[in-house]
Every structure is written in C-alpha cells, then in structure tokens.
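**Student:** In the working numbering, the protein residues as written are 6 to 1208. The structure's right below; bear with me while I get my questions together.
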C-alpha cells in the first residue's frame, strides 16, 4: 500500500487489476446528529439518497483524517467508472488469544519476516486495525525458495497458526444466500421504483385504480422474477463453492507432527500433506514430491497437468522470479483436483499454503461472477439522460399546472394534486418492464440456439460489435490433431519424411525416443490421459506406458517414475524401456517442455525437449540445426500444418538425487536438434461460411492464437479471413540490446499460385514497390506475441496504426490476449471474443461479448457460453444483439412519445381545468401501451446480417429528430383540434352551461343518470371530464399512440417484418378497430362508460382523417428521411462531419500517408519514421475524406456522427 497526501489517501493492490484508492474519514457526532435531524425532517428521503450514494453519506457524517485515525474508509475503483464502496474499520485484539505474545516492537509475531502481519500489528497494544476487502496477498511473493522450504517446510507452530487464523480469517469462499426480504428491499429501493411508488400512490388517491393496479401487478411480477433469478444464482454459486469449504485435510505442525482438521482452519504458511485424490481447498506451492492435477476449473480443458516441486536453492531471489514465467508449474490452485501423487522417497507429498479464501484462484473466479466488470455502454447512460429530460418536462408541466390552477382560484390542495398528476404523466411507469421484456425475449431466442447468457445486459451490447477475435485451435480448427509425418535430421541436414499414412512403424532413433518420452501423459487407472497433442504424438510411436515395477527399479530408477516400453506394433528397438525421471512442464509462455529420462542399461541420463520450432532451436547448438531450417519450416506451416520441433542431449550425472535438484536452464542448453513432427489441424466446416458472413456484414475478424505465425497465416488464408489477393506484412520487433535500440522490421509476404491448389509463400526482401492498383486497400499485418510485447513497450504510438489493420496475432500468451482485446477497445471497437476456454478466460472476460465454446467451470465468468462447439454462435449472437438493441430503441422512442402525447393532451385540457377520464386513460394505458410494449420486442432477428450496425446512441440525430418531429406533429394536430372544436356551431362550454346542456340531452338518458354516470368517477372538479374538447382530443391521441407504435416497429434490416410478429400485429389492429368503433358508435353504454359527448358524424370523420394524415406524414418522415442511411451519409459528407471513433480517426489519417504501410525495412525506436495506413476492406460504404484531416484523440463522437 502506497500512502500519499498526508496519509489521508493510499493505493491498495497497486499495479494489480484490483487496484483501489482508499481514503480515511473520522465520524463527527455533530454531523451525525444533523444528518439524523435532516432525515427525520425529509421523511426519510435523505436516507434514500445516502443509500443510493454511499460516498455522500460518508462526506456528510465524517471529516477527512489520516488512515491511522480513521473509523470509516471510502474505497474507490481506479477505472473509468470510479465506483465508491464504504467500509467500517474494525479492530482485532490479539491479546484475546489464550497464549502470551511479545509486546516488544523489535520481536516479530510470526516467523516469516516478510509477513504483512508483523508490519500491521500495533504494539504494545497488540491491536490490528483493518477493513474487510477481498484480495490481499497473505504469503508474500518476496519469499525466496529457501525461505519457503526452511521457514514453512516443517509447518507452523500452534501459536503462529492461531495468530494467522485471527488475522487472515477462515479459509472459506463464502457466498451468502441473501434472504428474500433483503433482495426485495434492494429492488424496491431502486430509484425508478421509488418514483413509481410515488406516482401510483397519487393516482390511487385520485381514483385511477384500474391502471394503477395493472402497473402494480406488473411491477410485482417483475420484482418477484428478478428476486427469484437473483436468489437462484446465489444458491447455485453457494452450492458451487460450499463443498470447497468442507474438505478434511492433514497438515504438519512444527514439533507436534501431523494433525487432521477441516480446510476452513488452514492459514497461509501451513504445511499441507497431499494424500492422493484430493480437491484442493487453497492455493499451495509444492515443495516435496510431484503430482498430477486436473485444472479444467482454471483453463477450461480437462487435461491432466504435471506439477513439480519448488527447487531448494539458497539464493535470495523471490521464488516467482526464480521460476520466471513458469512459476505455475509449482503451484497447486484452489478448486483443481489432484488425481495422482508421486512421493519423492523422502516422505509424503507436501505443499505450503500460499493463499486462502477469496485470495485463491477459485476465489478470483467467484469474485469475477459476484462483481462482474461494469458495462460502459452508451445506451444505459443515454437512457438515464433521457429520463432526466422527461422528468424536467414533467417539472415544466408541474409549474404550468400550478400557474393555471392558481390563476383560476382553485383551492391549494386541489392545485397541488393536479400539478403533481401532470408531473407523473411524463415518466411512463411501464418503462423498466418494457425494456427488460426485450432482453428476456432475446435471451429466450438465444437459448433455443443453445447459447446461454449470465449477463443479459450485454445482449444489447452485442448489437454494436464490429470486431470479433477468434482463437484458432478448437475454435476455427478442429480440436484433434492428426499425425502427418516426421522430418528427422542427420549430419546437419533434413532426411526423408516418414509418413504416418504409410502404416509403417516409426523407426527407432533419438527422435522416436523424444516422441515416446517428452510429454506430460499419465497412466490413470490403466488409461493414458493428457494433452491431445501429446497423446497423438505418443500413439504415433506405438510404444506403451507402465508404472515403475521391480524389474526396472533395479536399475536404480525412482519408484515414482513412469516407464515407457515398446509396444507390439513398434519398430525393433535396442532399448527395453525408457524411464521419465523429471519433467519441466509445457507452458504457453515458455512454448516448450523438456524431460530428463534414462534408457535401461545406461548409467547416464538423457534430456529431451519439444516445443515451438523457433523456440527449440534457440536452445540447440547451431551446428546441429540444418541451414535450410527456416525454409523447411515455412514449407509446412504455409500448408497449415502444426509443426513441433524436438531436441536431445546426453546429461552426464551420477545420481538421481542430482536430477531432482538441477536447474531448468542448465538442462535446456547445448541440445542437439532432432527434427520436426508434422501434424494436421483441419478447419471446422462451419468456419469459412461464418467468416464470410461476418466479412459481408463489414465486421472485422482477427485471429489470436498460441500457434505458429506461418500456420496462423495459412489458416487465415484458407478460411478467407485474409481474402484472396490480399497482401500480408509480417511485423517483427526486437528488444533493445546494449548498443542497438528496439527495432521493428516490416517484411512483405507474397503468394504465387504455381498450379491448381498450390500456394507458395515467401518473404520478398528485394523490392520496396507495390504493384499498381494494390495500394493501401488490401494489407493485413501479422505478428507474434513477442513482437506485440516489444511494440507495446517501445513503440506504443505505433500500436494503434498496426491494430487498425492487424489480423494475425500468433504465439500469444493468455495475458497478451487480454491486453490485445483491451487495446482494441481503446480504439473504440466493440470487441467480441470467441474461444474454447483454454487460455482465453481473461480475454473472454475483457471483451464486450465473450463467447466460450467450453462448458468447463473456467468459462463460467464468460458472459456467453455456446453448447455448440463452433463459431456459428457468433453471427447468431450479433443478430440477436442487433434486434434487441433496435427493439430497445423502438420501445424507448414509443414510450417517450406516448408520454409526450398524453402530456400535450392533458396540458391542453388543463387550460380550462379539465382532464381525461379514468376509462379514457385506461384504454390508452392498458389496452394499447401496456400490451403493445410487452409484445413490440418479440419480433425475431433478421436472418441476414446487414453491412452496418444499428445506432448505438439514444442521443443520435435520427432518434432525437424522430421524437422532436413526432412531438411537433402531435402538438400541431392536437392544438388545431382543440381550437377547431370551439369554432363549431354545435359547441358549447359544458362546464359553464352544465345544467342547460344536461337538460337538452334527452336522446340518451335522463338528467339523473347522466349526473350519475358522467360525474360518478373520482374527479377533482365537477364536470371537469365531460367536454367536447375531451371527446375530440381522446380519439386523436389514442390513434396517435397506435400509429406511433407501428411507425417505430421497423423490420428490416435488423429485424423481421412487423407482420411476422403475430401477437403484436393482432393487438395493433384490434386496438385501432376498437378506437374507431368507440369513435363512430352511438351506443349509450359506450358514451356513458367513456364519458364522451355525442358529436355529428362529419366531425368524427374529420377527427379520423386528421389522425390518419398525421400517421402518413410521420411514417414518411420516419421511413424516407430519418431511417434513410444514404441520406445521412450524404449529409455527413457535405457537412464535413466524420466519426470521432479512434479507429476511424486513425483510418482517415493513415489513408492520407503514401509511405504507409512500411515494406521491407527496419525502424528503430525514436527515429520518427512511422507512417500511416488504412485497410478500406474494413470500412463500410462511408466515404473516406481525401483532404488532410487533423487527428483528434477524443473518444466522444460528434452529435451529427452518431449513426
């Protein structure tokens, strides 16, 4: 933790993804009393505000103070959202422990001198001031290998365990099943529901019972369903982690021996005994023996992983630094399953507990589910702004009503009530239910396509995706690999290829020995299990695997080793068996693995290595690597083969004990290159059509893989991710050396066709020219993870220029995948990521829409999971996202217009102290708006992806103009109708000449019945409903509501036509028919119920004609102008306004630079010769400006560009 600003502020978990700012505050009694008084005076409203904004509560009750004196702290996230969390400081008293503790500040409380406990406990008080926050490192990474072995290897003392138990808390990932009442309170106290409760209370008090009850029922159903869903999720997550908290473990206590206890009592530093099959309840580092674990919970792959003990070196280097990037091979992660243990012969397999509870790997996973990354989607922020606008409109209406009613001398109580009624008209109470319904429909449709979603809010976001990243193996290509052949070497030359298709057994050679022994396969209950690649390679040798037995142990081999013997179909071999003594496991960051093995009958050992060819050759003696290695490798990778290199050396060591302690860097050096193993990795049949569909929709596709760069380029070309005729530029970056700065080399890859189906790819070094007509429109950059890292660190300003055209990213580590997705997002791309769960979890969580093709536990944190293991789910998801987004916009526009239509009509009637009747409102609210809103979003997605995205902003010009113009049409028609009816010869002011009017209405009923029926509803002012104005305005407003729903329910290009939504179409037609029937009927029952006054038929026809003319004008304006994409693009072009999205800005800038892209040259950091480039293949039909444009760094878009 780093302190600053007078110790009032500090950074927690600095440099970590969970970094937080912490601020110290001290509560003041006077402030607390004043806040309490204010809460009472406001009727609890202030408490509600403090509930919604906890930081305001802290600022009101407390004053800033140093953290050492604070009783309350505020935690603030350092991301763009800057969310606040309030925490109370609690005090732990170590003096309550049953044994005495030293109060001397010089004497440590625990043996680990790096421990945070020694630094945090206040002496001589023996108190510890803390807050409960997840993710604190408990066993410091600064401990060396020596520290871990000698400080913790024999276990902790009982006293130290008690101290750590008190400070660290229980080793439990506790997911509270929240009580239903608490979930209900949280939902009910949502700001919108609070306003809704106020609105409904007011309406009920005025007798508007039916609609209020309908909204109450709908809200209750919505809240109950939400609470049920939250409760179910809570129960599922609780059950997922509950078993973890109840594991029985055995630990070693210093000077006392073994002790059995429940895993909840484990503390960091405990020496854990691994008995055999075992579910790990904590993160631990292996210190003695080896074991095999199933890490599917972490990686998404059910593949056994071998773990090796932390070496006992005496240097002071931190243990993670000593193990470099491969420290994970020593770590057993919480939630993974130990499926096999191999003691070293010095006792049982032991591990030291590193982290407990939420600080573990499983705790990280659970936390990412409990607290998902917030969504930064403009729709939600724009929706809030829109609600504020409607509320402001309501306030204007409130002031208008206040003025009118006060001017007419209406009693203050009635004036206040009527003014508040107009205030509530502008914010539709059905809005949350209507918006949620659209998401529910989309989720249900996705479920039918076997796509499951744990973050429904992201469905709308999928409608904006314009770039999709794909993993290669298991995603674009088949999971399994087929053996094609081996290319052995001899005398520094490649030999004849051995083809597996021939059926001949692989002849005995060091290459065969390497294939038989250099793997992480295990024998589990008689079955060989492990990585599919390792399994295929081993099967190709026709050897078999056995556990060590007496026959082979007599050669001095460890009884925990694995024995490899020739099988019945194997070629003749002079070696009876190979024993694997030690493994250095494969990791995606190291791109290699190696083993130390012993051949029977020999007294020395052998080292075998396999891995990425480029990596393996680094560890080989140069004279053993064929001179045409690069060309040979390229010949296979350009055909899409997966290529593995193998190497070997003899290890002159006398004892097996020396093998156990030798460092990896000593083993992996001075090797002899053995040859190449060639494997086929076929494209899935769905890959090519899906990528074509995305390309036609102008959605960029990018490959992020851990495989070889040339293989990735070939797969990209075969799948047409890189279209035919496109050029590929390899970007190779190198770290700075002693006298040479960091450099970037650009090499142009050219393809020539030498016959049907034959492609040769070579690096063109000679020319800087590009063929005429092949300018900047067809280039794709390809690079490795190493180059990406160098560019990220030393050429950061160059990175965006590469990313706008980067298509292939190979040899990427999991961390680099996440980083790349984040960099794309910084360029304002909406990024989708599709992977099979293995090593993709970070990127899946980082993307706007992560789609996992794995059902393993690791992919739980991915927003979407597809049960169909191919990429067909990607276009399905984008289609549904677009349909859901357009539906959300349509519903939002409709409900806004519905509120404005009612607001205008009600405001006009308020002018003469009148209002619509309860049944008139009920007809509009329930029969039309409620039913229409709940079915408007059920229109299915259009089966074809359009070549452009729907609008992503509510505050875009077409949408704002749509609402503004429709509001103007409504205002004009209603004002004209309001004024025209007064000019009719049969018009009279019913409220002024009430008795006279009632006496003359004998055609319908007696005065008594009219009095009873026309003034029987609960209204404030007698006769305030019955009027010619109400009778005229109601049908116009109602037809307007119906036609607006039709106008805003556009089908193509993102949804199917409106007539395919049968329920919605039926409701619209029924509502229109019912409204026309009410308008033209002469039924006494209808007129009494709806509180209308009969008018002449010609006037009714005029009302209908006016409503239909308004519909025709609104439909023409919406369809021919506001939804006319070509027109808006033309307006943007003529006006000189262009998108301010970062990637669009870069593309425009790069389009103007004739020196971009660089070809066949090397740039050095600091030389300032980097040019600009655009790939127009990624552009939509929007024109690129030909004039020079100044690049702006803003991420916000201009008002006119939000299409």
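Built from N, CA and C at the ideal position, the CB exists for glycine as well. Remember, predicted model here, so these are calculated numbers, not experimental data.
Alpha carbon to alpha carbon, what distance is there between residue 648 and residue 486?
**Tutor:** Answer to the nearest angstrom: the Cα atoms are 11 angstroms apart.
**Student:** What's the gap between the Cα of residue 587 and the Cα of residue 149?
**Tutor:** Their backbone Cα atoms lie some 22 angstroms apart in a straight line.
**Student:** Can residue 269 and residue 177 be called in contact, C-beta distance under 7 angstroms?
**Tutor:** For residue 269 and residue 177, yes; Cβs fall inside 7 angstroms.
**Student:** Is DSSP giving residue 745 helix, strand or coil here?
**Tutor:** In this structure, residue 745 counts as coil in the three-state DSSP scheme.
**Student:** In the DSSP assignment, find the unbroken beta strand (DSSP E) run with residue 152 in it and report its ends.
**Tutor:** Looking at the DSSP string, residue 152 is not in any beta strand (DSSP E); the run it does join, the alpha helix (DSSP H), is 150–157.
**Student:** Suppose you measure from the CA of residue 797 to the CA of residue 571; what does that come to, to the nearest Å?
**Tutor:** Taking the straight line from one Cα to the other gives about 49 angstroms.
**Student:** What's the gap between the Cα of residue 875 and the Cα of residue 858?
**Tutor:** Straight-line Cα distance between these residues: approximately 7 angstroms.
**Student:** Which of the three DSSP states is assigned to residue 422 in this structure?
**Tutor:** Three-state DSSP puts residue 422 in a helix.
**Student:** What residues are listed by DSSP as bridge partners for residue 677?
**Tutor:** Note: residue 677 sits in a beta bridge opposite 653.
**Student:** Buried or exposed, going by whether 16 or more other CB atoms sit within 10 Å of the CB of residue 611?
**Tutor:** Counting Cβ neighbours within 10 Å, residue 611 comes out buried, since at least 16 surround it.
**Student:** According to the Cβ coordinates, are residue 1104 and residue 925 closer than 7 angstroms?
**Tutor:** No; because the gap between Cβ atoms is not below 7 angstroms, this pair is not in contact.
**Student:** Note down, one range per segment and in chain order, each beta strand (DSSP E) of at least 3 residues found wholly within the segment 863–907.
**Tutor:** Runs found: 869–871.
**Student:** Which same chain residues, not among the five before or five after residue 789, have their C-beta less than 6 angstroms away from its C-beta?
**Tutor:** Excluding positions up to five away in sequence, the list reads 714, 815 and 816.
**Student:** Using a threshold of 7 angstroms, state whether the C-beta atoms of residue 1061 and residue 947 are closer than that.
**Tutor:** Yes, these two residues count as a Cβ contact at 7 angstroms.
**Student:** Within the same chain, show all residues whose beta-carbon is closer than 6 angstroms to that of residue 457, passing over the 5 residues directly before and after it, in chain order.
**Tutor:** The residues are 870.
**Student:** Buried or exposed: where does residue 887 fall if 16 or more other Cβ atoms within 10 Å of its Cβ makes it buried?
**Tutor:** Classification for residue 887: buried.
**Student:** Using the beta-carbon count (16 or more within 10 Å), is residue 716 buried or exposed?
**Tutor:** Residue 716 comes out buried.
**Student:** Cα separation between residue 16 and residue 32?
**Tutor:** Approximately 22 angstroms, taken between the alpha carbons.
**Student:** Enumerate in chain order the residues of its own chain whose CB-to-CB distance from residue 968 is below 8 angstroms, with the five nearest sequence positions on each side excluded.
**Tutor:** Result list for residue 968: 898, 901, 902 and 905, in chain order.
**Student:** When you compare each of 978, 604, 61 and 391 to residue 582 by their alpha carbons, which one comes out closest?
**Tutor:** Measuring from the Cα of residue 582, the nearest candidate turns out to be 604.
**Student:** Within the same chain, show all residues whose beta-carbon is closer than 6 angstroms to that of residue 201, passing over the 5 residues directly before and after it, in chain order.
**Tutor:** The residues are 434.
**Student:** Sort out for me which residues DSSP pairs residue 708 with in a bridge.
**Tutor:** DSSP, once it has assigned bridges, lists 475 and 813 as partnering residue 708.
**Student:** Apply the 10 Å Cβ neighbour rule to residue 1012 and answer buried if 16 or more other Cβ atoms are within range, or exposed otherwise.
**Tutor:** Only weak support exists for where residue 1012 lies, its pLDDT of 33 falling under 50; the coordinates are left without a value.
**Student:** Of all the options 1166, 213, 420 and 944, which has the alpha carbon lying nearest to the alpha carbon of residue 1056?
**Tutor:** Considering only alpha carbons, the answer is 944.
**Student:** Compute the distance between the beta-carbons of residue 276 and residue 357, then report whether it is under 7 angstroms.
**Tutor:** Cβ atoms of residue 276 and residue 357: closer than 7 angstroms.
**Student:** Considering only residues of the segment 345–369, which uninterrupted beta strand (DSSP E) runs meet the minimum length of 3 residues and lie entirely inside it, listed in chain order?
**Tutor:** Counting whole runs of 3 or more residues, the segment 345–369 contains the beta strand (DSSP E) stretches 354–360.
**Student:** According to DSSP, is residue 574 helix, strand or coil?
**Tutor:** Looking at residue 574 - three-state DSSP - the assignment turns out to be coil, as it is neither helix nor strand.
**Student:** Please look up how many angstroms separate the CB atoms of residue 2 and residue 748, rounded, as I've assumed it's under 8 angstroms.
**Tutor:** Since the displayed the chain opens at 6 and closes at 1208, residue 2 lies outside it and no answer follows.
**Student:** Can you tell me where the beta strand (DSSP E) holding residue 231 begins and where it ends?
**Tutor:** Element bounds for residue 231: not the beta strand (DSSP E) but the alpha helix (DSSP H), 214–247.
**Student:** Excluding the five sequence neighbours on either side, which residues of its own chain have a C-beta within less than 8 angstroms of the C-beta of residue 87, listed in chain order?
**Tutor:** Excluding residues within five positions, the ones whose Cβ falls inside 8 angstroms are 81.
**Student:** Distance, Cα to Cα, residue 287 vs residue 591?
**Tutor:** Whole-angstrom Cα-Cα distance: 23 angstroms.
**Student:** Over the uninterrupted beta strand (DSSP E) stretch that includes residue 92, give me the two end residues.
**Tutor:** Counting along the chain, the beta strand (DSSP E) containing residue 92 begins and ends at 89–93.
**Student:** Measure the alpha-carbon distance for residue 262 versus residue 352 and round it to whole angstroms.
**Tutor:** Near 13 angstroms, if we compare the C-alpha coordinates of residue 352 and residue 262.
**Student:** Is it buried or exposed for residue 810, if we count other Cβ within 10 angstroms and need 16 for buried?
**Tutor:** Buried, since its Cβ has 16 or more Cβ neighbours within 10 Å.
**Student:** Who are the Cβ neighbours of residue 821 in its own chain at under 7 angstroms, not counting the five residues just before and after it?
**Tutor:** So the qualifying residues of the chain are 790, 793 and 794.
**Student:** Is the CB-CB distance between residue 30 and residue 60 below 7 angstroms?
**Tutor:** Not in contact: residue 30 and residue 60 (Cβ atoms no closer than 7 angstroms).
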